[in-house]
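Engineer: Heads up: the sequence shown begins at 132 in my numbering, then just goes up one per residue.
Here a beta-carbon is modelled for each residue, glycine too, at the ideal position from N, C-alpha and C.
Here the structure is a predicted model, which is why all the values come from computation and not from measurement.
Before anything else, here's the structure in question.
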Amino acid sequence: MPVTKFTGLAPLLTYIRIKWAQLAKKKRKKIKMPKLKTYLFLCCALLLMGAFLKPVYAADLYTIQHVKVDETDESAAQAKIKALAAGQKKSFDTLLSRLVREEYRAQLPDFDNRFISRYFAGLSVQEEKTSTTRYVATLTYRFKAKEVRDMLLSYGVPFQETRAASVLVIPVWIEGGKNILFEDKNPWRDAWLKIDSSNSVTPVLVPLGDPTDRDTLSASDALKLKETSFAKLKERYSVSHVIVAAARPNNKQSALNVYLRGRTSSGKIDLEDAVAGKEGDIEDLTLRAA
Numbered sequence: 132m133p134v135t136k137f138t139g140l141a142p143l144l145t146y147i148r149i150k151w152a153q154l155a156k157k158k159r160k161k162i163k164m165p166k167l168k169t170y171l172f173l174c175c176a177l178l179l180m181g182a183f184l185k186p187v188y189a190a191d192l193y194t195i196q197h198v199k200v201d202e203t204d205e206s207a208a209q210a211k212i213k214a215l216a217a218g219q220k221k222s223f224d225t226l227l228s229r230l231v232r233e234e235y236r237a238q239l240p241d242f243d244n245r246f247i248s249r250y251f252a253g254l255s256v257q258e259e260k261t262s263t264t265r266y267v268a269t270l271t272y273r274f275k276a277k278e279v280r281d282m283l284l285s286y287g288v289p290f291q292e293t294r295a296a297s298v299l300v301i302p303v304w305i306e307g308g309k310n311i312l313f314e315d316k317n318p319w320r321d322a323w324l325k326i327d328s329s330n331s332v333t334p335v336l337v338p339l340g341d342p343t344d345r346d347t348l349s350a351s352d353a354l355k356l357k358e359t360s361f362a363k364l365k366e367r368y369s370v371s372h373v374i375v376a377a378a379r380p381n382n383k384q385s386a387l388n389v390y391l392r393g394r395t396s397s398g399k400i401d402l403e404d405a406v407a408g409k410e411g412d413i414e415d416l417t418l419r420a421a
């Protein structure tokens, strides 16, 4: 069946009137026309329904938020031009990382801004600061979905337009014979809370640490990968996977031993690594490791 598309309220209203008249003629009887207010209400409702029923995942997928730029030049105007260009390059690279798996990225060249500008759809400023020679901002970039798809197809690169499901990360801090999760100050958890994963291939969530979470899971149970507690957290945060990220500092607090245990949509995770940082600077160390 052919689908009739409308570009506004007036064509839709005319279409309904014509169809109503055709129906009346077919039935050979007079059908009372609804009042204009009723028509307007119905038409607006239909248009709004159409807007909400459109798939939004594609638009969101091609939108890169929280892009931070910081550039300096001879003037604020020149610094802004440089910053916007740097942000465009950075956001397009992020988009490609989101769409194309790492093993296929090598098939794509390092695109410059002249090339990227063909796929640029819009820009919005979340916040910005300027001085006489400096421009600092957080920006949102939008790219043309169809054109980007066509470009990737032309390079013969496989890509996907669905993001991986969110993962709930349980950050456990191990120090001085104590396993710390929600009960005391946990610098490891603080570091994970500062991570912005909105542009990541796999979005990361961290539990709120409120009384409900505290009653559900202890640090010891987290390290034991207690499934009954994980099941409650999965339901609460609407996730399918939980990862326990444990961190233990050395005596000089110049390095962290990090352990990741759990499961994602890609399979089981069982990793261990050591991360070095500035001696005694726990905030810097945890941010490097998270």
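#1: If I measure Cβ to Cβ from A252 and keep anything under 7 Å in the same chain, skipping five residues before and after, which residues do I get?
#2: Express the C-alpha separation of G393 and T359 in angstroms, rounding to a whole number.
#3: What residue does the alpha helix (DSSP H) around S255 start on, and which one ends it?
#4: With a cut-off of 8 Å, do at least 3 Cβ pairs link the segment 344 to 351 to the segment 359 to 371?
#5: In the DSSP assignment, the alpha helix (DSSP H) including E366 goes from what residue to what residue?
#6: How is F274 classed by DSSP in three states: helix, strand or coil?
#7: Rounding to the nearest angstrom, what Cα-Cα distance links R249 and R265 in this structure?
#8: Start and end of the beta strand (DSSP E) containing D201?
#9: Can the beta-carbon of P318 be found closer than 8 Å to that of T225?
#10: Going by beta carbon distance, what residues of the same chain come within less than 8 Å of T343, once the five residues before and after it are set aside?
#11: Return the bridge partner residues of E306 from the DSSP annotation.
#12: Just how far apart, CA to CA, sit L254 and L230?
#13: State yes or no: is the C-beta of L339 within less than 8 Å of the C-beta of N310?
#14: Alpha carbon to alpha carbon, how far is K316 from R280?
Structural biologist: Walking through what the data contain:
#1: Position 121 of the sequence shown, counted from the start, is the residue given in the question as residue 252. Closer than 7 Å at Cβ, skipping near neighbours: R273, F274 and K275.
#2: Taking the first residue of the sequence shown as 1, we reach residue 359 at position 228. Taking the first residue of the sequence shown as 1, we reach residue 393 at position 262. For T359 and G393, the distance between alpha carbons rounds to 14 Å.
#3: As a working note, residue 255 is residue 124 in the sequence shown. Careful: S255 lies outside any alpha helix (DSSP H), inside the beta strand (DSSP E) at F251 to T261.
#4: yes
#5: Against the sequence shown, residue 366 aligns to sequence position 235. E358 to Y368 is the span of the alpha helix (DSSP H), which, as asked, contains E366.
#6: What you label residue 274 is simply residue 143 of the sequence shown in a count that begins at 1. If DSSP states are grouped into helix, strand and coil, F274 belongs with the strands.
#7: Position 118 of the sequence shown, counting from 1, holds the residue named residue 249. Position 134 of the sequence shown, counting from 1, holds the residue named residue 265. Cα to Cα, R249 sits roughly 27 Å from R265.
#8: Here residue 201 corresponds to residue number 70 of the sequence shown, with the count starting at 1. Per DSSP, D201 belongs to the beta strand (DSSP E) from T194 to T203.
#9: Locating residue 318 in the sequence shown gives position 187, where the first residue counts as 1. Locating residue 225 in the sequence shown gives position 94, where the first residue counts as 1. No.
#10: As a first step, residue 343 must be located in the sequence shown, where it is residue number 212. The residues are R367.
#11: The sequence position of residue 306 within the sequence shown is 175, counting from 1. In the DSSP output, where bridge partners are listed per residue, E306 has K309.
#12: As a first step, residue 254 must be located in the sequence shown, where it is residue number 123. As a first step, residue 230 must be located in the sequence shown, where it is residue number 99. Rounded to the nearest angstrom, the two C-alpha atoms are 20 Å apart.
#13: Translated into the one-based positions of the sequence shown, residue 339 becomes position 208. Translated into the one-based positions of the sequence shown, residue 310 becomes position 179. For L339 and N310, no; Cβs fall outside 8 Å.
#14: Stepping through the sequence shown from its first residue, residue 316 is reached at position 185. Stepping through the sequence shown from its first residue, residue 280 is reached at position 149. Computed Cα separation, rounded: 46 Å.
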